[in-house]
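Novice: Dumping the structure here so I can ask a few things about it.
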Amino acid sequence: MYRFRYPAMTRPLVSDWSQFRVAVRNQIAGYVQTSRFWIVFAIILAIGGGLSIAFVIKGGVFVHGAFGATATAYIAGLLGFVSFLAIVTGALFGGDAISTDFGTKSGFFTLALPVKRRVLLGGRFAAALLVSLLLLSIFYAFALFGGIYFYSAGTIPWFNLGLSYLLTLLLLFGILAFAFCLSSVSKSPVIGLVVTILVLLVVFTIIDGVLVRLVASEYLLWSILFAAAAIPAAVEYGLATGSPAVWQSTVIMVLYTVGFLAIALLLYDRQEA
């Protein structure tokens, strides 16, 4: 006698792409709901907005006397703060991105989920990059506003400004990769965050200064801070920027991104919760 069998109920597999998007969305929501997003936002408002207001109060005559007859030097001057803002942003959004899974109780639940670690890391990195780029874009908007307000849109070096923006994007890639790498070797989220800021702002700056005094600037090609100097310089000189050249900065930032992100992924995969 034939006995009817109900088909087995199976849950559809969730793709890596779907899990990646969930990781990005959750990470961005976590940034916005915590104070770190608003801390960086406040810093950008204080520097970008504060300088803009100060220059408006001083008037166009003062700005023209200080920066010249075109907007190029004005925008380049403000973008000199980009490396500092990128370091703070990268540290706050990437310094504890991995260490939270091993230094907090929530990590035990996160790592127990049926999600590949490389998907989790990729989603967190993408979220940190998107939020960081959004915040630095606001700073670029302040610089652009001042350039148009005190000069005119016709004096804006649009190509050079776009080149500078692309270098900023690469800088964020490199700094976040470095922060994720440091986070992967730290068991404490706070330590990972603090160490990232100290290494990039203090240690790198000291080493760069010693090398410049004792040897030559060519030996700074290892430093991502040296590469970041091309960001404001690109506004003034474009592709003709030298020491570092645009291609040198690009290579340094790409090497930082690929190298440190690969190390972070390797360490994250092998660590035990």
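Letter by letter, the sequence shown follows residues 137 to 409 of our numbering. Note that CB positions come from ideal geometry on N, CA and C, so glycine has one too. Just so you know, these numbers come straight off a predicted model, no measurement behind them.
Would V382 be called buried (16 or more neighbouring beta carbons within 10 Å of its own) or exposed?
Specialist: That one is buried.
Novice: Rounded to a whole number of angstroms, what is the C-alpha to C-alpha distance between D232 and R172?
Specialist: So the alpha carbons of these two residues sit roughly 12 Å apart.
Novice: Taking DSSP as the reference, what is the three-state secondary structure of I234?
Specialist: If DSSP states are grouped into helix, strand and coil, I234 belongs with coil.
Novice: Ignore the nearest five residues each way along the sequence and tell me which others in D344's own chain have a CB closer than 7 Å to its CB.
Specialist: Hits under 7 Å: L356, S359, L361, F362.
Novice: Roughly how many angstroms lie between the CA atoms of A159 and V192, to the nearest whole one?
Specialist: In a straight line, the C-alpha of A159 is about 42 Å away from that of V192.
Novice: Excluding sequence positions up to five away, which residues of its chain have a Cβ less than 6 Å from the Cβ of E372?
Specialist: Only T208, A212 meet the Cβ criterion.
Novice: Using a Cβ-Cβ cut-off of 7 Å (strictly less than) and excluding sequence neighbours within five positions of R253, which residues of its own chain qualify?
Specialist: Around R253: Y404, D405.
Novice: Please report the residue range of the alpha helix (DSSP H) in which T393 lies.
Specialist: Note, T393: alpha helix (DSSP H), 382-406.
Novice: Taking the alpha helix (DSSP H) that A313 falls in, what are its first and last residues?
Specialist: Counting along the chain, the alpha helix (DSSP H) containing A313 begins and ends at 294-320.
Novice: Starting from L202, follow the alpha helix (DSSP H) in both directions and report where the run begins and ends.
Specialist: The question names Leu, but residue 202 is Ala in the sequence shown. Here the alpha helix (DSSP H) through A202 covers 196-203.
Novice: Tell whether a beta-carbon distance below 7 Å holds between F229 and S268.
Specialist: Yes, they are a contact pair.
Novice: Could you confirm whether any beta carbon from chain B is found closer than 7 Å to the beta carbon of V192?
Specialist: Of the protein chains in this structure there is only one, and it is not chain B.
Novice: Just tell me which of Q169, T386, G201, F217 has its CA closest to the CA of I183.
Specialist: I183 has its Cα closest to that of F217, out of Q169, T386, G201, F217.
Novice: Taking 7 Å as the cut-off, decide whether the C-beta atoms of S288 and A400 are in contact.
Specialist: No. Outside cutoff.
Novice: As a quick exercise: from L305, Q407, S322, I367, pick the residue whose alpha carbon is nearest that of T225.
Specialist: Answer by Cα proximity: L305.
Novice: In its own chain, which residues sit with a C-beta less than 6 Å from the C-beta of T377, not counting the 5 before and 5 after it?
Specialist: Once the five neighbours on either side are set aside, the close Cβ partners of T377 are A366, A369, A370.
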